[in-house]
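Below: the structure, in structure tokens.
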Amino acid sequence: MEAAYENGLNLKATELRLGLPGTDNESEPQTSSPCVQNNNKRSSSEMDTEKQESVAPPPKTQVVGWPPVRSYRKNVLQQQNNPESDGSGMFVKVSMDGAPYLRKIDLKFYNNYFDLLKALENMFKCNIGVYSEREGYNGSEFVPTYEDKDGDWMLVGDVPWDMFTTSCKRLRIMKGSEAKGLGCCNL
Amino acid sequence: MDPDPNKPEELPSNSANNSHGSTHPPSPFPDEVIEKVLSYINSHKDRSSFSLVRKDWYNAERWSRSRLFIGNCYSVTPEIVARRFPRIKSVTLKGKPRFSDFNMLDWGANVHSWLVMFAKVYPFLEELRLKRMTVSDESLELLAKSFPSFKALSLSSCDGFSDSGLKAVASHCRNLTELDIQDSISEDISGTWLSSFPENFATLEVLNFASLNSEISFDALERLVSRCKSLRVLKVNESITLDQLQRLLVLAPQLVELGTGSFLQELTPRQYEDIESAFSNCTSLRVLSGLWEATSLYLPLLYGACFGLTFLNLSDVALQSGEFAKLPVHCPNLRRLWVIDTVEDKGLEAIGSSCPLLEELRVFPANPYELDPRLGVTERGFLAVSQGCRKLRYVLYFCRRMTNAAVITIVQNCPNFTHFRLCIMNPHQPDHLTNEPMDEAFGAVVKTCHKLQRLSVSGLLTDLTFEYIGKYAKNLETLSVAFAGSSDWGMQCVLDGSPKLRKLEIRDCPFGNTALLFGHGKYEMMRSLWMSACNVTIKGCTILAKEMPRLNVEVIKDEDSDDNQADKVYVYRTVAGPRQDAPPFVLTL
Chain P
1 MEAAYENGLN
11 LKATELRLGL
21 PGTDNESEPQ
31 TSSPCVQNNN
41 KRSSSEMDTE
51 KQESVAPPPK
61 TQVVGWPPVR
71 SYRKNVLQQQ
81 NNPESDGSGM
91 FVKVSMDGAP
101 YLRKIDLKFY
111 NNYFDLLKAL
121 ENMFKCNIGV
131 YSEREGYNGS
141 EFVPTYEDKD
151 GDWMLVGDVP
161 WDMFTTSCKR
171 LRIMKGSEAK
181 GLGCCNL
Chain G
1 MDPDPNKPEE
11 LPSNSANNSH
21 GSTHPPSPFP
31 DEVIEKVLSY
41 INSHKDRSSF
51 SLVRKDWYNA
61 ERWSRSRLFI
71 GNCYSVTPEI
81 VARRFPRIKS
91 VTLKGKPRFS
101 DFNMLDWGAN
111 VHSWLVMFAK
121 VYPFLEELRL
131 KRMTVSDESL
141 ELLAKSFPSF
151 KALSLSSCDG
161 FSDSGLKAVA
171 SHCRNLTELD
181 IQDSISEDIS
191 GTWLSSFPEN
201 FATLEVLNFA
211 SLNSEISFDA
221 LERLVSRCKS
231 LRVLKVNESI
241 TLDQLQRLLV
251 LAPQLVELGT
261 GSFLQELTPR
271 QYEDIESAFS
281 NCTSLRVLSG
291 LWEATSLYLP
301 LLYGACFGLT
311 FLNLSDVALQ
321 SGEFAKLPVH
331 CPNLRRLWVI
341 DTVEDKGLEA
351 IGSSCPLLEE
361 LRVFPANPYE
371 LDPRLGVTER
381 GFLAVSQGCR
391 KLRYVLYFCR
401 RMTNAAVITI
411 VQNCPNFTHF
421 RLCIMNPHQP
431 DHLTNEPMDE
441 AFGAVVKTCH
451 KLQRLSVSGL
461 LTDLTFEYIG
471 KYAKNLETLS
481 VAFAGSSDWG
491 MQCVLDGSPK
501 LRKLEIRDCP
511 FGNTALLFGH
521 GKYEMMRSLW
531 MSACNVTIKG
541 CTILAKEMPR
551 LNVEVIKDED
561 SDDNQADKVY
571 VYRTVAGPRQ
581 DAPPFVLTL
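Heads up: the protein sequence lines correspond to chains P and G, in order.
If you use full-length UniProt numbering, the first sequence corresponds to residues 1 to 187, in order.
If you use full-length UniProt numbering, the second sequence corresponds to residues 1 to 589, in order.
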């Protein structure tokens, strides 16, 4: 059977509780979960009468409180999840010096720096050029930078792609002439 | 009859005619001898047995007991406990039933009434260890102000408290040596509690706040660590960065247990070296955990500290198999290992090759709802570990496929299992290769592992599994069952068989009233029974409650369920009678 990949959000969507609203961080209603596989889902709000009749295994459904992994642990694992399998997307704002408004892109959509930079070049009709470890984007008209989790502005390309996608908060495409301090030669 | 340490027992009378207590036969031993003997007996079970022999032994025991263990907070009341034991210094209390963990009901198990009593009768209380209880800020404040000698507070899987409760403890407990918060959820407003330790406070030996997710003041933490020279356990939360950790390690190279903060940080080469050498200097380090967001880039930082490690807890970081596989060879002395299943079979094979002293393995699922059997670990990984680690005795293994043949071989390799918890995550899943039920797998476990105390079963199982359990698992104390069995007969086999059974938790099984009532004599010898989503009805529970007045039978109904359906049933022995604080959705029959 085709396996459906659950994503981080849906863990919470199907984790039903009898507690009061507000006692959990998520209040996402069960019905909005796009990954519900069929209608036989057991829940605290409906009694599954089929259980009493059938001897055959029930269809593969999400079951409340199963597998027995503590919520505390689930939360940690969700944050840890490989971004590619996280259905929530990794949207970051992109600004370009001189452009009148910002754009937004989903980092999850790209597999590597090459794809990302090509997409940025297309989106902003600019020339970003090629990255080198020693000299950054030397000579390029535009230089891609990003703000990381610590609030620092970094040159795109220095760290492994996975580390970049998890630490990038927003992107800024700077004019090459202004990017002196980031390893680009000035002329 | 299985003695409950907290029941004021009906004492056997040693001379049949002393109803007025006038002539007790003289004790076979002088008091000094009894007291001396008692001073060597620490296990509460042994002390209970001792107290049942004669009245004067009962008295000697109750006056000398200083550690209290209450496995179910509702099995007895604070009043009864206070009457029997006048001199308690250390209390361990457990509250909610385990399977309720995974639904998080607002069910009860509030510690406050206990604390009120302790404040009255045990002013010299030193230790309080709570598991699965609700602890409010008010309770923590009461604790902080009532016990001047208070030393150790441990909150495991608790909830209900916030910053201000912890602040009270930090500010007022002058002799605190241990503050250990594990897996507890707290509504943190700020992390200022840590800054509330007085500037001259220096007695801390254990500090664990890894599960609290607020930012704390690093300055305050740094000062605290530098003052507390006896600090041997430090587990910080994710807000602490790698370079901050380095500074802490330099201040406390004597640490025995370390929980790191976030391992995700860009480091300069100089910082990298500093951290590497800080780890290498922690020569006493035996336990390591945390490592949030660690990747292969920074795992090598640990290598210097790995040789002496006995417990490595990687259950907060989902390492890929390639990055993890290089680690075990650096940890030849590992006894306990917790990992996430992203390490895959390949990672487990590395463990089998490099960690011959391993006794405990726990493999947690990265994504519990993924059904693809190609993900995570399989029977191959488990087999590989069993081949290399013959001393294995504790396993918790979440997987998506398993075979009978593999489990049979695994227990042949490792017959010393005391805890065998296998969770095949897809309910009712048969043997992956033969499509048969997994009965023979668990049959092999109970037949081969004579020391088995705890068993969790899963996969497609018929009543045969339970026949095996009842027949062979003579030392079994805890059994967890889900989506298993064919009929009442299965549960009856277990109730009839395992003589040492204390905790039985069952969900989604076709067991009904016949099975429930079959065990009525047994439940008084057990701590508790939990049944949810089975075929038990309110009528059946009512009959049980009537027949067995010393059991509390609590039923929680789901919304919209049949009137007669008993969706969740919790049965436990008690001398306290029905509890007064049950929330409205709990019916006490």
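Every residue gets a Cβ at the ideal spot worked out from N, C-alpha and C, and that includes glycine.
A quick note: this is a predicted structure, and the numbers were derived from the prediction, not measured.
- Ranking G:Ser64, G:Lys96, G:Phe29 and G:Ser354 by CA distance to the CA of Leu529 of chain G puts G:Lys96 first.
- The C-alpha of Val250 of chain G lies about 20 Å from the C-alpha of Glu199 of chain G.
- When beta bridges are read from the DSSP output, Val571 of chain G appears opposite G:Leu529 and G:Val553.
- Taking 9 Å as the cut-off, the beta carbon of Val121 of chain G is found no closer than this to the beta carbon of Ala60 of chain G.
- The residues Phe161, Ser162, Ser164 and Gly165, in chain order, have a CB closer than 6 Å to that of Asp137 of chain G in the same chain once the five nearest residues on each side in sequence are set aside.
- The C-beta distance from Leu194 of chain G to Glu222 of chain G rounds to 11 Å, too long to meet the 8 Å contact threshold.
- DSSP lists P:Thr145 as the bridge partner or partners of Leu155 of chain P.
- Taking 9 Å as the upper bound on Cβ-Cβ separation, chain G lies near residues Asp148, Lys149, Asp150, Asp152, Met154, Asp158 and Val159 of the segment 140-159 of chain P.
- Here Phe91 of chain P is bridged, per DSSP, to P:Asp106.
- About 4 Å separates the Cβ atoms of Phe466 of chain G and Gly490 of chain G, confirming a contact at the 8 Å cut-off.
- Chain P places a beta carbon closer than 9 Å to that of Thr295 of chain G, counting this residue as a contact.
- Residues His419 and Thr478 of the same chain have their beta carbon placed closer than 6 Å to that of Arg454 of chain G, with the five preceding and five following residues left out of the count.
- For Phe311 of chain G, the three-state secondary structure derived from DSSP is strand.
- By the 16-neighbour rule on beta-carbons within 10 angstroms, Arg174 of chain G is exposed.
- Looking from the CA of Ser184 of chain G, the closest CA among G:Leu176, G:Val135, G:Arg286 and G:Gly347 belongs to G:Val135.
- Phe382 of chain G and Ala366 of chain G do not touch by the CB rule: their CB atoms are close to 17 Å apart, not below 8 Å.
- Membership of Gly304 of chain G in any beta strand (DSSP E) is not indicated; the residue belongs instead to the alpha helix (DSSP H) covering Tyr303 to Cys306.
- Distance from the CA of Ser211 of chain G to the CA of Thr177 of chain G, rounded to the nearest whole angstrom, comes to 19 Å.
- Among the residues of chain P, those whose CB is under 8 Å from the CB of Phe398 of chain G are Pro67 and Val69, following chain order.
- Judged by their CB atoms, Thr403 of chain G and Thr434 of chain G are nearer to each other than the 9 Å cut-off.
- Nearest to Ser487 of chain G by alpha-carbon distance, out of G:Lys500, G:Pro499 and G:Cys534, is G:Cys534.
- In this model, Leu392 of chain G and Ser354 of chain G are separated by some 14 Å (Cα to Cα).
- Contact annotation, Gly176 of chain P with Phe142 of chain P: C-beta distance approximately 6 Å; criterion of less than 8 Å satisfied.
- DSSP, read as helix, strand or coil, puts Thr537 of chain G in strand.
- The bridge partners DSSP lists for Tyr394 of chain G are G:Glu360 and G:His419.
- About 5 Å separates the beta carbon of Leu155 of chain G from that of Ile181 of chain G, a gap short enough to meet the 8 Å contact definition.
- Within 8 Å of the CB of Met133 of chain G, no CB atom of chain P is found; the nearest one sits about 15 Å away.
- With contacts defined as CB atoms closer than 9 Å, Phe147 of chain G and Phe118 of chain G qualify as a contacting pair.
- DSSP assignment within the segment 130-200 of chain G yields the following whole beta strand (DSSP E) runs of 3 residues or more, N-terminal first: 152-156, 159-162, 178-182 and 185-187.
- Here Thr268 of chain G is exposed: its Cβ has fewer than 16 other Cβ atoms, across all protein chains shown, within 10 Å.
- What Met90 of chain P touches in chain G, judged by beta-carbon distance under 8 Å, is nothing: the nearest beta carbon there is about 15 Å away.
- Look at Gly259 of chain G here: in three-state DSSP terms it is strand.
- The C-beta of Phe364 of chain G comes closer than 9 Å to at least one C-beta of chain P.
- Annotated three-state conformation of Thr295 of chain G is coil, per DSSP.
- Look at Thr166 of chain P: its C-beta is under 9 Å from a C-beta on chain G.
- The continuous beta strand (DSSP E) containing Ile173 of chain P extends over residues Arg170 to Lys175.
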